[in-house]
Amino acid sequence: MSREGGVIFEDIFEVKNVDPDGRKFDKVSRMICDSEGYEMELVLDFNNDVLNVEISDKLTIALATTLDKGGMLMEGYYDPFLGTDDKPSLLDDYDYVMHGRVYKFKPQKNDKRAVYVSFGGLLMRLIGDPRNMQHIDPDTNLYLLISKVQ
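Each number in our numbering comes from the position in the sequence shown (counting from 1) with 3 added on.
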(Lines of atoms letter the chains of each structure in order from A and count residues from 1; the text may use other names and numbers.)
(Lines give C-alpha, C1' and ligand atoms only; values in the text may rest on other atoms or scores of the structure.)
Protein backbone atom coordinates (compact mmCIF):
# COMPACT_ATOMS: atom_id res chain seq x y z
CA MET A 1 0.00 0.00 0.00
CA SER A 2 1.41 3.37 -1.00
CA ARG A 3 1.86 6.00 1.69
CA GLU A 4 2.76 9.02 -0.49
CA GLY A 5 1.34 12.18 1.03
CA GLY A 6 -2.12 11.54 2.34
CA VAL A 7 -2.70 8.24 0.51
CA ILE A 8 -4.31 5.85 3.00
CA PHE A 9 -5.21 3.03 0.61
CA GLU A 10 -4.03 1.98 -2.85
CA ASP A 11 -4.39 -1.19 -4.90
CA ILE A 12 -4.80 -2.39 -8.47
CA PHE A 13 -8.34 -3.46 -9.34
CA GLU A 14 -9.61 -5.42 -12.32
CA VAL A 15 -13.00 -4.39 -13.72
CA LYS A 16 -15.27 -7.44 -13.62
CA ASN A 17 -18.52 -5.80 -14.76
CA VAL A 18 -19.87 -2.43 -15.89
CA ASP A 19 -23.53 -1.46 -15.46
CA PRO A 20 -24.72 -4.96 -14.47
CA ASP A 21 -28.26 -3.64 -13.85
CA GLY A 22 -28.24 -1.21 -16.78
CA ARG A 23 -27.80 2.54 -16.59
CA LYS A 24 -30.14 4.63 -14.51
CA PHE A 25 -28.60 7.92 -15.72
CA ASP A 26 -26.99 8.75 -19.08
CA LYS A 27 -23.67 9.97 -17.70
CA VAL A 28 -23.33 7.65 -14.69
CA SER A 29 -22.09 4.07 -14.80
CA ARG A 30 -21.34 1.54 -12.10
CA MET A 31 -18.27 -0.68 -12.11
CA ILE A 32 -17.66 -3.80 -10.07
CA CYS A 33 -14.00 -4.62 -9.46
CA ASP A 34 -11.81 -7.06 -7.57
CA SER A 35 -8.43 -6.04 -6.19
CA GLU A 36 -5.23 -7.88 -6.94
CA GLY A 37 -3.29 -7.23 -3.75
CA TYR A 38 -5.76 -7.23 -0.88
CA GLU A 39 -8.66 -9.44 -2.05
CA MET A 40 -11.15 -6.60 -1.89
CA GLU A 41 -14.35 -5.93 -3.79
CA LEU A 42 -15.23 -2.47 -5.06
CA VAL A 43 -18.53 -1.17 -6.40
CA LEU A 44 -18.22 2.39 -7.71
CA ASP A 45 -20.47 4.86 -9.51
CA PHE A 46 -18.56 7.17 -11.86
CA ASN A 47 -19.06 9.78 -14.58
CA ASN A 48 -18.71 7.86 -17.84
CA ASP A 49 -18.15 11.09 -19.83
CA VAL A 50 -14.88 11.57 -17.96
CA LEU A 51 -13.75 7.99 -17.28
CA ASN A 52 -14.18 5.22 -19.83
CA VAL A 53 -13.74 1.70 -18.46
CA GLU A 54 -14.36 -1.72 -19.94
CA ILE A 55 -14.47 -5.22 -18.52
CA SER A 56 -10.95 -6.54 -17.77
CA ASP A 57 -9.42 -3.04 -17.54
CA LYS A 58 -6.93 -2.71 -14.69
CA LEU A 59 -7.11 0.42 -12.58
CA THR A 60 -4.95 1.83 -9.83
CA ILE A 61 -7.41 3.10 -7.23
CA ALA A 62 -6.32 5.12 -4.23
CA LEU A 63 -8.01 6.85 -1.33
CA ALA A 64 -6.36 9.93 0.14
CA THR A 65 -7.10 12.45 2.86
CA THR A 66 -5.44 15.27 0.90
CA LEU A 67 -4.18 15.99 -2.60
CA ASP A 68 -0.99 17.54 -1.25
CA LYS A 69 1.97 15.24 -1.97
CA GLY A 70 3.50 16.21 1.36
CA GLY A 71 0.39 15.07 3.20
CA MET A 72 -0.66 18.51 4.47
CA LEU A 73 -4.42 18.53 5.08
CA MET A 74 -6.25 21.10 2.98
CA GLU A 75 -9.65 21.28 4.65
CA GLY A 76 -11.45 24.59 4.62
CA TYR A 77 -9.67 26.33 1.78
CA TYR A 78 -9.17 26.29 -1.96
CA ASP A 79 -5.63 26.42 -3.31
CA PRO A 80 -5.60 27.73 -6.90
CA PHE A 81 -1.95 26.68 -7.29
CA LEU A 82 -2.55 23.02 -6.41
CA GLY A 83 -1.72 20.85 -9.40
CA THR A 84 0.35 23.51 -11.16
CA ASP A 85 4.09 23.57 -11.75
CA ASP A 86 4.40 25.68 -8.60
CA LYS A 87 2.65 23.10 -6.41
CA PRO A 88 2.53 19.52 -7.74
CA SER A 89 -0.22 17.33 -6.30
CA LEU A 90 -1.68 13.84 -6.48
CA LEU A 91 -3.88 15.19 -9.29
CA ASP A 92 -0.80 14.95 -11.52
CA ASP A 93 -0.56 11.18 -11.01
CA TYR A 94 -4.16 10.12 -11.70
CA ASP A 95 -6.72 10.42 -14.51
CA TYR A 96 -9.95 10.72 -12.49
CA VAL A 97 -10.52 12.20 -9.03
CA MET A 98 -13.63 12.58 -6.84
CA HIS A 99 -14.08 14.10 -3.39
CA GLY A 100 -16.52 12.55 -0.94
CA ARG A 101 -17.39 11.58 2.59
CA VAL A 102 -17.33 8.25 4.43
CA TYR A 103 -20.89 7.74 5.66
CA LYS A 104 -21.16 4.14 6.82
CA PHE A 105 -19.27 1.06 7.96
CA LYS A 106 -20.99 -2.32 7.94
CA PRO A 107 -19.71 -5.71 9.14
CA GLN A 108 -19.72 -8.46 6.48
CA LYS A 109 -19.35 -12.24 6.48
CA ASN A 110 -15.94 -13.82 7.05
CA ASP A 111 -14.70 -11.00 9.31
CA LYS A 112 -14.79 -8.48 6.47
CA ARG A 113 -16.06 -4.92 6.59
CA ALA A 114 -17.79 -2.69 4.05
CA VAL A 115 -16.95 1.00 3.84
CA TYR A 116 -19.42 3.30 2.10
CA VAL A 117 -18.45 6.68 0.64
CA SER A 118 -20.64 9.22 -1.16
CA PHE A 119 -19.09 11.46 -3.80
CA GLY A 120 -21.92 13.94 -4.24
CA GLY A 121 -24.38 11.11 -4.84
CA LEU A 122 -21.99 8.84 -6.73
CA LEU A 123 -21.52 5.95 -4.33
CA MET A 124 -18.68 3.61 -3.48
CA ARG A 125 -18.68 0.39 -1.47
CA LEU A 126 -15.35 -1.21 -0.60
CA ILE A 127 -15.45 -4.64 1.05
CA GLY A 128 -12.42 -6.35 2.53
CA ASP A 129 -10.28 -7.12 5.54
CA PRO A 130 -10.57 -4.27 8.07
CA ARG A 131 -6.78 -4.28 8.52
CA ASN A 132 -6.42 -2.99 4.96
CA MET A 133 -8.86 -0.15 5.70
CA GLN A 134 -7.66 0.78 9.17
CA HIS A 135 -6.83 4.36 8.14
CA ILE A 136 -10.35 5.01 6.81
CA ASP A 137 -12.35 6.72 9.53
CA PRO A 138 -16.10 7.39 9.77
CA ASP A 139 -17.40 10.83 8.76
CA THR A 140 -14.14 11.88 7.10
CA ASN A 141 -13.62 13.48 3.72
CA LEU A 142 -11.65 11.45 1.18
CA TYR A 143 -10.36 11.78 -2.34
CA LEU A 144 -10.80 8.83 -4.69
CA LEU A 145 -8.08 8.74 -7.34
CA ILE A 146 -8.11 6.45 -10.40
CA SER A 147 -5.66 5.81 -13.20
CA LYS A 148 -5.62 3.09 -15.82
CA VAL A 149 -2.77 0.60 -15.64
CA GLN A 150 -1.01 0.52 -19.00
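Beta carbons are placed, not taken as given, at the ideal position from N, Cα and C, and that holds for glycine.
Note that the structure is a prediction, hence the values are computed from the model and not measured.
Residue burial classification, residue i (beta-carbon count within 10 angstroms, cutoff 16)
i    : result
D52  : exposed
N135 : buried
F28  : exposed
V56  : buried
I11  : buried
Among the options, the one whose alpha carbon lies nearest that of residue i
i    : options                : result
D22  : I15, V31 and T63       : V31
Y81  : G73, T69 and D88       : T69
V120 : G40, L147 and E44      : L147
G123 : F84, L47, S59 and S92  : L47
A65  : K112, N20, N50 and D98 : D98
E39  : I15, N20, L45 and I58  : I15
Residue i and residue j closer than 8 Å at C-beta
i    : j    : result
G9   : D71  : yes
I130 : K115 : yes
L145 : V100 : no
T87  : E13  : no
Residue interval of the beta strand (DSSP E) (run including residue i)
i    : result
L145 : N144 to K151
F84  : Where F84 is concerned, there is no enclosing beta strand (DSSP E), given that its DSSP letter is neither H nor E.
L76  : It is not in any beta strand (DSSP E) - L76 carries neither H nor E in the DSSP assignment.
Continuous beta strand (DSSP E) assignments of at least 3 residues falling wholly in the stretch 22–70:
31–38, 44–50 and 61–67
Run through the stretch 82–116 for me and flag every whole beta strand (DSSP E) of 3 or more residues, listed as ranges in chain order.
99–110, all fully within the stretch 82–116.
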